[in-house]
Structures are given as C-alpha cells and as structure tokens.
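Undergrad:
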Amino acid sequence: MDRRAAARRAAFYVAIVASWQAAASAGALPDGLLPSPWEVAEDIARGAADSSLIVGVATTLWRLMAGLAIAIGAGVALGVAMARVRAVNETVGSLVLGLQSIPSIAWVPVALIWFGVSDAGIVFVTAVGAVFAVTTSIYSSVRNIPPHYLEAARNMGARGGQLVTRVLLPAAFPHMLSRYTARTSRPAPTVSRLTRLAPTG
Numbered sequence: 002m003d004r005r006a007a008a009r010r011a012a013f014y015v016a017i018v019a020s021w022q023a024a025a026s027a028g029a030l031p032d033g034l035l036p037s038p039w040e041v042a043e044d045i046a047r048g049a050a051d052s053s054l055i056v057g058v059a060t061t062l063w064r065l066m067a068g069l070a071i072a073i074g075a076g077v078a079l080g081v082a083m084a085r086v087r088a089v090n091e092t093v094g095s096l097v098l099g100l101q102s103i104p105s106i107a108w109v110p111v112a113l114i115w116f117g118v119s120d121a122g123i124v125f126v127t128a129v130g131a132v133f134a135v136t137t138s139i140y141s142s143v144r145n146i147p148p149h150y151l152e153a154a155r156n157m158g159a160r161g162g163q164l165v166t167r168v169l170l171p172a173a174f175p176h177m178l179s180r181y182t183a184r185t186s187r188p189a190p191t192v193s194r195l196t197r198l199a200p201t202g
C-alpha cells in the first residue's frame with residue numbers, strides 16, 4: 002500500500018512538471034515570471050558550476066543563523082526575566098505581547114531606513130521577527146516548571162545564575178523546544194525575499 006501511494010505521489014509530481022514544461026514550451030507562460038523547469042535546472046547547474054549557488058546559499062544561511070542567534074540570546078534573557086521578575090512581566094511583558102503579532106515583513110521598511118540594503122538589515126529583520134516568539138516560549142516554559150524543582154535546587158544551594166543555567170533552562174528545555182521550533186520559522190520566508198535585494202557575494 003505504501004509503495005502504491007509513493008508511486009501515485011511520484012506520478013502526480015511528474016505530471017505537474019511535465020505540464021509546466023509543456024506550457025512553457027508552448028509560450029503560455031511568461032519567461033520573466035515563470036521559467037520552464039529546464040531553464041530552472043540549467044540555472045541551478047550553472048550556479049553550482051561557478052560556485053555562485055553555493056555562495057548564495059551560504060550567505061543566506063549565515064544571515065538566518067546570525068539573526069536567530071541574536072534572537073535566542075535576547076529572547077532567553079528577556080523570557081527568564083519576565084518569568085522570574087514580576088515588574089518586568091508587568092511592563093516589558095505587555096510590550097512583547099503586542100509586538101509579537103507584527104509579521105516579520107513589516108519590519109523591512111525600518112531595516113531599510115536604518116541599515117539600507119545590507120547584511121545588517123536582513124539580520125535585524127530576522128532577529129526582530131524571532132525574538133518575541135523566543136521570549137514568549139521561554140516565558141511560558143519557565144512558568145510551567147514544577148515549583149518543587151526550584152525548591153529542591155535552592156535547598157541544595159543553587160542561586161542566581163547557577164539556578165538559571167543548571168535548573169531553569171534545562172527543566173524548561175522540552176516545552177521550550179516544542180514551542181520554539183513551531184514559532185521561529187516565520188522569519189525564514191522574509192529572509193528569502195530580502196535576499197533578492199541584498200547581494201550574496
């Protein structure tokens with residue numbers, strides 16, 4: 002049954018590509034908007050041959066990883082502070098809840114004004130698009146830690162940074178990971194769009 006399903010799925014996609022190629026060959030599709038599969042394959046092969054494809058992919062991944070690294074660092078610190086300090090949650094927390102609903106693409110004009118068409122602008126959009134999701138994920142995860150974990154850690158002498166790094170974050174990690182992977186993928190499409198504006202090498 003699985004083989005039949007796989008065969009049907011493969012035949013479906015082959016039919017799509019064949020129809021696409023036939024429509025392009027017949028001139029039914031505008032070349033500038035939707036090139037044929039053969040032209041796409043030629044461009045990929047050409048980019049791989051002259052290394053421009055590898056450079057472009059590596060640059061895009063670097064921009065994405067740099068933005069996510071900034072978002073994770075800031076989001077973890079802010080999320081823990083919101084979960085542990087009531088004053089921070091009542092003030093900064095309300096701002097985070099409001100800003101997290103803004104889509105990543107909405108930050109593009111701000112990035113263009115501040116940084117121009119550059120790597121810094123793309124990293125900024127990526128970081129801002131993910132930091133609020135990371136913050137709320139960390140906040141929720143830390144709040145869901147069973148209280149007896151913290152009581153046991155304090156009884157054994159854990160305080161301050163040691164309590165955060167050795168108890169709070171490890172205990173929150175499973176819940177945090179499930180929420181994080183589902184919510185921080187939103188900036189990726191924006192990065193791919195901005196890559197068309199900024200040079201990749």
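So the number in this note's numbering is just where the residue sits in the sequence shown, counting from 1, plus 1. Ideal placement from N, C-alpha and C gives every residue a C-beta, glycine not left out. This structure is a prediction, so every number in the text was calculated from the model and none was measured.
Return the residue from the list Leu164, Pro147 and Glu152 that minimises the CA-CA distance to His176.
TA: Per the Cα distances, Pro147.
Undergrad: Would you report the Cα separation of Ala111 and Val81, rounded to the nearest angstrom?
TA: According to the sequence as given, residue 111 is Val; it is not Ala. Answer to the nearest angstrom: the Cα atoms are 28 Å apart.
Undergrad: Examine the Cβ distances between the segment 123 to 134 and the segment 59 to 79 and report whether three or more of them are shorter than 8 Å.
TA: Contact holds: three or more Cβ-Cβ distances are below 8 Å.
Undergrad: Which runs of the alpha helix (DSSP H) fall wholly inside the segment 15 to 99 and span at least 4 residues, in chain order?
TA: Those alpha helix (DSSP H) runs which fall completely within the segment 15 to 99 and span 4+ residues are 38 to 50 and 53 to 85.
Undergrad: Apply the 10 Å Cβ neighbour rule to Ala153 and answer buried if 16 or more other Cβ atoms are within range, or exposed otherwise.
TA: That one is exposed.
Undergrad: Report, in whole angstroms, the separation of the C-beta atoms of Ile139 and Ala173, which I expect to be a contact under 8 Å.
TA: Ile139 to Ala173, Cβ: 7 Å. Contact.
Undergrad: Excluding five sequence neighbours on each side, which residues of the same chain lie with their C-beta closer than 7 Å to the C-beta of Arg144?
TA: Here the set comprises Ala84.
Undergrad: So Pro38 and Trp21 are supposed to be a Cβ contact under 8 Å. How far apart are they, rounded?
TA: Going by Cβ atoms, the distance from Pro38 to Trp21 rounds to 6 Å, so yes, they are a contact pair.
Undergrad: Give the range of the alpha helix (DSSP H) segment to which Asn156 is assigned.
TA: Its alpha helix (DSSP H) spans residues Pro148 to Asn156.
Undergrad: For Val126, which of helix, strand or coil comes out of DSSP?
TA: Helix.
Undergrad: Report the three-state DSSP secondary structure of Gly162 (helix, strand or coil).
TA: The answer is helix: DSSP assigns Gly162 an H, G or I state.
Undergrad: Which of the three DSSP states is assigned to Pro175 in this structure?
TA: DSSP places Pro175 in helix when its eight states are reduced to three.
Undergrad: Taking C-alpha atoms, which residue in Phe125, Val135, Gln101 and Val56 lies nearest to Leu170?
TA: The residue with the shortest Cα to Cα distance from Leu170 is Val135.
Undergrad: For the putative contact between Thr137 and Gln101, defined by C-beta atoms under 8 Å, what is the C-beta separation to the nearest angstrom?
TA: The pair is a contact, with the Cβ atoms about 6 Å apart (cut-off 8 Å).
Undergrad: Could you give the first and the last residue of the continuous alpha helix (DSSP H) run that contains Leu113?
TA: Element bounds for Leu113: Val109 to Phe116.
Undergrad: Count the other C-beta atoms from every protein chain shown that fall within 10 angstroms of the C-beta of Trp115, then say buried if there are 16 or more, exposed otherwise.
TA: Exposed is the call here.
Undergrad: With distances taken between CB atoms, is the gap from Val165 to Leu151 smaller than 8 Å?
TA: Taking 8 Å as the Cβ cut-off, Val165 and Leu151 do not qualify as a contacting pair.
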